[in-house]
Structures are given as structure tokens and as C-alpha cells.
Amino acid sequence: MVAYLCLLSFLFTYKACKDEENDCSWFEGSANKIGVGVVTLDGTILSNPRHTYITPPGQGFLPRETAQHHLQHVLPLIKSALETAGITPDKIDCLCYTKGPGMGAPLQVSAVVVRVLSLLWKKPIVGVNHCVAHIEMGRIVTGADDPVVLYVSGGNTQVIAYSEGRYRIFGETIDIAVGNCLDRFARVLTLSNDPSPGYNIEQLAKKGEKFIDLPYVVKGMDVSFSGILSYIEATAVEKLNNNECTPADLCYSLQETVFAMLVEITERAMAHCDKNDVLIVGGVGCNERLQDMMRTMCSERGGKLFATDDRYCIDNGAMIAYTGLLEFAHGVSTPMEESTFTQRFRTDEVHAIWREKKASAGINGLNS
Amino acid sequence: MSFDLNWVFVGNNSEMAAVTASPWDFSCDLEVDFESDENASIVHAALAVDKELQPDKVKRQMSIANGKLSVHFEAVEARFLRTSFSAFMDVLTLATKTVEQFGQGMEL
Numbered sequence: 001m002v003a004y005l006c007l008l009s010f011l012f013t014y015k016a017c018k019d020e021e022n023d024c025s026w027f028e029g030s031a032n033k034i035g036v037g038v039v040t041l042d043g044t045i046l047s048n049p050r051h052t053y054i055t056p057p058g059q060g061f062l063p064r065e066t067a068q069h070h071l072q073h074v075l076p077l078i079k080s081a082l083e084t085a086g087i088t089p090d091k092i093d094c095l096c097y098t099k100g101p102g103m104g105a106p107l108q109v110s111a112v113v114v115r116v117l118s119l120l121w122k123k124p125i126v127g128v129n130h131c132v133a134h135i136e137m138g139r140i141v142t143g144a145d146d147p148v149v150l151y152v153s154g155g156n157t158q159v160i161a162y163s164e165g166r167y168r169i170f171g172e173t174i175d176i177a178v179g180n181c182l183d184r185f186a187r188v189l190t191l192s193n194d195p196s197p198g199y200n201i202e203q204l205a206k207k208g209e210k211f212i213d214l215p216y217v218v219k220g221m222d223v224s225f226s227g228i229l230s231y232i233e234a235t236a237v238e239k240l241n242n243n244e245c246t247p248a249d250l251c252y253s254l255q256e257t258v259f260a261m262l263v264e265i266t267e268r269a270m271a272h273c274d275k276n277d278v279l280i281v282g283g284v285g286c287n288e289r290l291q292d293m294m295r296t297m298c299s300e301r302g303g304k305l306f307a308t309d310d311r312y313c314i315d316n317g318a319m320i321a322y323t324g325l326l327e328f329a330h331g332v333s334t335p336m337e338e339s340t341f342t343q344r345f346r347t348d349e350v351h352a353i354w355r356e357k358k359a360s361a362g363i364n365g366l367n368s
Numbered sequence: 001m002s003f004d005l006n007w008v009f010v011g012n013n014s015e016m017a018a019v020t021a022s023p024w025d026f027s028c029d030l031e032v033d034f035e036s037d038e039n040a041s042i043v044h045a046a047l048a049v050d051k052e053l054q055p056d057k058v059k060r061q062m063s064i065a066n067g068k069l070s071v072h073f074e075a076v077e078a079r080f081l082r083t084s085f086s087a088f089m090d091v092l093t094l095a096t097k098t099v100e101q102f103g104q105g106m107e108l
């Protein structure tokens with residue numbers, strides 16, 4: 001989910017909306033980032049501060065340490081979000097948080113804070129699916145109406161399209177996420193995790209000249225990355241020691257291979273559902289090479305690519321707030337006793353009620 | 001706000017543990033004085049949502065009286081008691097700080 005850091009991300013958002021102004025604030029903390037956002041229903045972001053847990057080169061982030069990071073930063077982030085947005089709690093309509101998927105301990109931080117604030121400020125809670133939040137954020141920012149969605153991050157790799165009330169998963173990874181594969185390879189090369197390992201791979205790949213053959217693993221609509229990672233981990237050291245290639249060549253070859261796989265399954269999903277537009281979301285989505293490859297494919301099919309930059313691709317509080325606000329506007333809220341968090345929460349479990357009612361009810365639910 | 005903690009370990013003797021009817025030999029009591037029933041009940045309500053992950057190994061009971069939150073842990077092994085208690089302290093601290101910083105008289 002996050003930039004392309006490894007593991008899942010947990011985010012929590014709280015969104016608020018005032019009837020006349022539609023102010024909404026939300027918090028998101030997922031994977032190694034925690035963020036708080038304040039949004040309105042038309043997608044305006046009033047504030048969206050975020051803090052990232054950056055580990056030393058060669059290391060990933062672990063649930064316990066990540067949760068400690070979130071514990072330290074969540075309350076100052078809330079203060080900063082409210083100050084920047086220039087709103088007080090009474091202007092908030094609802095509080096959103098990331099229910100899942102993600103790492104348990106970090107998710108709990110957002111959930112606990114949102115419950116306490118809900119009781120203190122007497123505001124309703126809305127639990128949000130992290131993956132659906134990425135999709136909705138991407139749609140509102142780019143204006144893509146009904147695209148095939150490629151959701152690529154450190155924790156997730158899915159090809160998704162909307163059909164009959166839900167975001168259906170047409171293809172996905174059968175083992176690790178593409179971002180996890182890139183992150184872990186960055187650790188082999190001991191690239192910096194700042195701002196994210198995936199970004200540093202992307203920069204290094206631009207200097208690559210020689211393509212190293214790597215396994216290409218597409219299985220029907222699904223992809224697999226763990227075998228590619230094992231292969232490149234094993235051969236990298238050997239080839240580098242023998243001066244057969246440079247770290248840049250390896251980054252270039254890995255990117256070309258895994259991105260080609262993603263473009264292939266995305267194109268097949270487009271053919272399945274007869275859609276010509278693609279939206280890329282998730283931390284890996286800010287990789288410009290992936291965007292270029294996808295754009296080429298889309299233009300050959302007469303479609304358009306919609307992508308966002310790192311402000312929206314990477315986990316943030318605003319995406320949770322906005323999605324929670326959408327649900328809230330359609331009458332959805334989460335009772336206190338159900339405001340739990342869960343490590344497993346599939347994209348297609350969410351009833352995307354706001355897309356069904358788009359034509360009729362619209363946002364009138366807010367005023368009821 | 002004040003804070004009271006009391007640990008009880010019985011069952012150090014494995015032989016005795018084996019014949020005891022109840023396996024919940026390790027317990028711990030924690031009391032936090034919020035000096036306010038309202039604040040204590042907010043923290044109670046927020047933390048009661050998350051159940052213990054291993055209910056067959058650790059039990060947690062919470063109650064409120066006179067502005068105090070009382071928490072009682074029971075576990076079958078000391079290590080489960082420690083991890084559960086330690087995780088609970090993190091979120092208890094977080095919930096308490098949230099009440100302090102965003103409760104009545106909050107200034108932005």
C-alpha cells in the first residue's frame with residue numbers, strides 16, 4: 001500500500017463533514033505511514049499531514065516498531081491536520097479510520113484514537129477498506145469514471161473493476177505484492193529506504209543498459225513475484241561479483257519484467273469487461289516507468305491512462321476520509337462495538353453503495 | 001491521574017499447576033484513576049471493542065467505579081500475561097493521551 005514499502009500498511013482516517021460546508025476530516029495509518037486528512041465531499045483536501053517510518057538501508061519495517069512509530073506521531077498529526085484545515089471538531093461530520101487490510105498493531109492505533117474522539121466529540125465513525133480508499137481517491141483526483149484499476153503497492157497487487165455493486169478482483173498476486181518484491185530487492189542492494197525503496201530503484205533503473213533475463217510469471221489472470229525475487233536475489237550477488245552487470249542493470253531488468261506482467265493482466269481484464277481506461281493507484285503507481293508502459297498499452301486500445309503522483313498514490317489520510325465520507329453520505333456508519341480492525345479485508349467485501357446510487361440519491365444523504 | 005498496579009503469580013510450581021482445576025494461574029490487576037466517570041467510561045468503551053486475541057490463553061475484564069478504570073488480567077502462562085498486558089498498556093496510554101489532548105477545553 002505505502003510507497004512501495006514492504007508489508008501491508010495500516011491507515012486510519014477520520015473524516016468529518018458539516019452539513020452546509022461538507023467539511024470532512026479523516027485519519028489514515030497504514031503500513032509504515034500514519035496520516036490524518038480533512039476532506040470535503042467534493043474531494044477538496046483541506047489538510048493531509050503524514051509521517052513515514054523510515055528504516056535503515058537493508059531493513060524492512062516490523063509490526064511492533066511500526067506501531068510504536070504511529071503511537072508517537074498520531075496525536076500531533078491530528079492537531080496539525082485540524083490547524084492546517086482551520087476547523088474545529090464541531091465542524092466535523094464523521095470520523096473515518098482504516099479498518100483493514102494491514103498490519104494489526106498499527107491499525108489498532110488509528111482505531112483506538114478514532115473511538116475515543118468519537119466519544120469525546122460525539123461524532124459517528126466510519127470504517128474504511130484501505131484498497132477501496134485508494135480506488136476512490138484515484139477516481140476523484142483523476143476524474144476517471146469507470147476504469148479498470150491496477151492497485152499496486154507494498155502489500156497489494158490487484159486488477160479490479162466495478163461490477164454490480166462491488167469492486168471485483170479480476171486478477172491478483174498469488175504470493176507477495178509487487179512493491180514487496182521491489183522493496184526486498186532494494187534491501188539486497190542496500191538502497192536507502194528514504195523516501196522509499198521503490199523510488200530509489202526507479203532512479204537507479206534509469207541508468208540500466210543491459211537487460212538480464214528473469215522469470216516471467218503470469219498464471220492466467222494472476223501474477224507471482226516470489227520466484228522472481230528468489231531468482232534475482234541469488235543471481236544478483238554472483239553477477240555483481242563477476243562484473244557481469246551493474247546494480248542499475250538489475251533494477252532496470254526487474255522493473256521491466258514485473259511491470260510487463262502487470263500490463264499484461266491489466267490488458268486482459270480490460271478485454272474481459274470491455275473497458276478502455278486504466279487507473280493506477282497504490283504506492284508503486286507513482287513509478288513513471290510503469291505509467292509509461294501502461295500508457296502505451298492504453299493508447300493502442302484507444303483508451304486513456306489515469307495516474308496520480310506521490311501525493312495521492314501513497315497511503316494518506318485524505319483517501320480514507322474521502323471514502324468514509326462517501327459512505328457516510330449514503331447512510332453508512334460503523335457502530336462503536338463494530339469499530340474493529342482486521343488484517344484481512346478483501347476489496348470485494350465492500351458494498352460500494354455510493355456507486356449504485358450515484359444517479360438517484362447522490363449526496364443528499366448528508367442532509368438527512 | 002494516578003495509577004496502581006498489582007501482579008500476582010501463583011502456579012510457579014508446575015506440579016501444582018497440573019492438578020489445579022483452574023489453569024488461570026497468572027493474574028495482574030491494574031487501576032487507573034481518571035478522577036472522572038465520564039473519561040474513565042470513554043477509555044473503557046474504546047478499549048473494550050478489541051477482544052483478546054487468544055481468549056483460551058488470556059482473559060481481560062474491565063470495570064469502572066468512582067472515576068477509576070480497573071482491569072483484571074488472567075493468563076495460563078506468564079508470557080501470555082506479559083504480552084497481553086504490554087499491548088494493552090500501549091493502547092491505554094494512547095487512549096488516555098487522546099482524552100487529555102482532545103477532550104474538554106481542547107485548544108487549537
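As you go down the protein sequences, you meet chains G and H in turn.
Numbering-wise (UniProt numbering), the first sequence opens with residue 1 and increments by one.
Numbering-wise (UniProt numbering), the second sequence opens with residue 1 and increments by one.
Beta carbons are placed, not taken as given, at the ideal position from N, Cα and C, and that holds for glycine.
Name, please, each residue of chain B whose Cβ falls closer than 8 Å to the Cβ of Ala-45 of chain H. Considering every chain present, this structure includes no chain B. Its protein chains are G and H.
Are three or more beta carbon pairs between the segment 228-245 of chain G and the segment 91-101 of chain G nearer than 8 Å? no
Are the C-beta of Thr-340 of chain G and some C-beta of chain H separated by less than 8 Å? yes
Taking its Cβ as the centre, do 16 or more other Cβ atoms sit within 10 Å of Glu-35 of chain H, making it buried, or is it exposed? exposed
So Cys-298 of chain G packs on Leu-305 of chain G, CB below 8 Å; how close in whole Å? 5 Å
For Glu-349 of chain G, tell me which candidate among G:Gly-60, G:Pro-57, G:Val-128, G:Asn-32 has the shortest Cα-Cα distance. G:Val-128
To the nearest angstrom, how far is the alpha carbon of Arg-64 of chain G from that of Gly-58 of chain G? 18 Å
Helix, strand or coil, according to DSSP, for Lys-59 of chain H in the structure here? strand
With 16 as the cutoff for other CB atoms within 10 Å, does Met-293 of chain G come out buried or exposed? buried
Consider the Cβ of Gly-103 of chain H: report whether some Cβ of chain G lies at a distance smaller than 8 Å. yes
For Pro-89 of chain G, which residues of its own chain have a beta-carbon under 7 Å away from its beta-carbon, when the five flanking residues on both sides are left out? Trp-121
Closest to Ala-175 of chain G by CA distance: which of G:Thr-142, G:Gln-108, G:Lys-219, G:Ala-186 is it? The displayed chain sequence assigns Asp, not Ala, to residue 175 of chain G. The residue with the shortest Cα to Cα distance from Asp-175 of chain G is G:Lys-219.
Leu-150 of chain G and Leu-214 of chain G look like a contact to me (Cβ under 8 Å); what is the Cβ gap, rounded to whole Å? Actually they are not in contact, since the Cβ atoms of Leu-150 of chain G and Leu-214 of chain G sit about 20 Å apart, beyond 8 Å.
May I ask which residues mark the beginning and end of the alpha helix (DSSP H) holding Asn-39 of chain H? 37-48
Taking CB distances under 8 Å as the criterion, tell me whether Asp-50 of chain H reaches chain G. yes
Check whether the Cβ of Val-36 of chain G lies closer than 8 Å to any Cβ atom in chain H. no
Own chain residues within Cβ distance below 6 Å of Thr-84 of chain G, not counting five before or after: Ser-47
Whether or not the segment 201-215 of chain G and the segment 153-171 of chain G are in contact is what I'm after, with contact meaning three or more pairs of Cβ atoms, one per stretch, closer than 8 Å; do they touch? no
When we look at the beta-carbon of Phe-341 of chain G and count the other beta-carbons within 10 Å, is it buried (16 or more) or exposed? buried
Mind reading off the beta-carbon distance from Ala-269 of chain G to Ala-161 of chain G? Whole number of angstroms is fine, and I expect it under 8 Å. 6 Å
Return the CA-CA distance between Val-278 of chain G and Glu-267 of chain G, expressed in angstroms with no decimal places. 9 Å
For Gly-179 of chain G, count neighbouring Cβ atoms within 10 angstroms of its own Cβ and tell me buried if that reaches 16, exposed if not. buried
C-beta neighbour in chain G for Val-99 of chain H, strict 8 Å: yes
Identity of the residue in G:Leu-41, G:Lys-275, G:Ile-34, G:Asn-32 nearest Leu-325 of chain G by Cα: G:Leu-41
Are the C-beta atoms of Val-91 of chain H and some chain G residue less than 8 Å apart? yes
I'd like to know whether the C-beta of Leu-75 of chain G is nearer than 8 Å to at least one C-beta of chain H. yes
Should Asn-66 of chain H go down as buried or exposed, given a rule of 16 or more other Cβ atoms within 10 Å for buried? exposed
Inter-residue spacing [alpha-carbon to alpha-carbon] between Tyr-322 of chain G and Asn-156 of chain G: 20 Å
How big is the Cα-Cα spacing for Cys-286 of chain G and Gly-102 of chain G? 20 Å
By alpha-carbon positions, which one of H:Phe-80, H:Ala-45, H:Val-76, H:Ala-78 ends up nearest to Met-62 of chain H? H:Ala-45
By Cβ distance, which residues of its chain are closer than 7 Å to Arg-301 of chain G, with the 5 residues on each side in sequence left out? Met-270, Asn-276
Residues from the segment 93-109 of chain G in contact with chain H, defined by Cβ distance under 9 Å: Gly-104, Ala-105, Gln-108, Val-109
From Lys-207 of chain G to Ala-248 of chain G, what distance separates their C-alpha atoms? 6 Å
Could you tell me whether any Cβ in chain G is nearer than 8 Å to the Cβ of Ala-40 of chain H? no
Determine, using beta carbons only, whether Leu-46 of chain G comes closer than 8 Å to chain H. no
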